[in-house]
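Structure, as structure tokens:
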Amino acid sequence: MIKYELKCRKDHVFEAWFYDSATYDKQAASGKVVCPVCNSRKVTKAPMAPRIARSRGERAAEETKQMAAALKALAELRDHVEKNADYVGEQFAEEARKIHYGEADKRNIYGEASREEARELAEEGIDVAVIPWLPRGDA
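One gets the numbering used here by counting positions in the sequence shown from 1 and adding 539 to each.
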């Protein structure tokens, strides 16, 4: 498999995977390679930096760095939610409905809900987000 960075005549840049370079050439010549933004079939290969193989240790270090950044972002999100919303615990679904239907004052809330409750709220048109809630501390 080979990945190409492609560019259409309107300068939209996108990536696409092909079995090999001959497959790209054949599909591009027959107009089967299409820009996902504007549907242009006039597509060319864009300049790409070569992908240089890294050692297993370098990959592991990069993955560790990415995981640490993700955990930090989740911790910051938790802090933001806790500072800007009311905790309603297991009454989340009930309270979200009350707010949505005007039976309670509009405000930001957070709490616990089952997957089924979250799905039902979304089906009712109530905006909900499921956020992985990480425990506090260094554990």
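Glycine is no exception: its CB is placed at the ideal position from the N, C-alpha and C atoms.
Distance, Cα to Cα, Glu-601 vs Gly-570?
Glu-601 and Gly-570 have their alpha carbons spaced roughly 39 Å apart.
Quick check on DSSP: helix, strand or coil for Asp-625?
It is a strand residue.
Which of helix, strand or coil does DSSP assign to Leu-660?
DSSP places Leu-660 in helix when its eight states are reduced to three.
Between Ala-668, Tyr-558, Met-540 and Gly-664, which has its C-alpha nearest Glu-651's C-alpha?
In this structure, Ala-668 is the residue among Ala-668, Tyr-558, Met-540 and Gly-664 with its C-alpha nearest to the C-alpha of Glu-651.
Cα separation between Ala-635 and Ile-665?
Our two residues, Ala-635 and Ile-665, have alpha carbons roughly 7 Å apart in a direct line.
Suppose the cutoff is 8 Å on Cβ atoms and the five residues either side in sequence are ignored; what does the same chain contact list for Val-572 look like?
Correct list, in chain order: Leu-545, Ala-555, Tyr-563, Gln-566, Arg-580 and Val-582.
Whole-angstrom C-beta distance between Leu-673 and Glu-617, which should lie under 8 Å:
According to the sequence shown, residue 617 is Arg rather than Glu. About 7 Å separates the two Cβ atoms, so the contact holds.
Note the first and the last residue of the continuous beta strand (DSSP E) segment covering Lys-546.
Counting along the chain, Lys-546 sits inside the beta strand (DSSP E) bounded by residues 541 to 547.
In whole angstroms, what separates the C-alpha of Tyr-626 from that of Ile-638?
A direct Cα-Cα distance of roughly 14 Å separates Tyr-626 from Ile-638.
Spatially closest choice to Arg-675 from Arg-598, Glu-621, Arg-654 and Glu-655, by CA coordinates
Selected option, being the one with the closest Cα: Glu-621.
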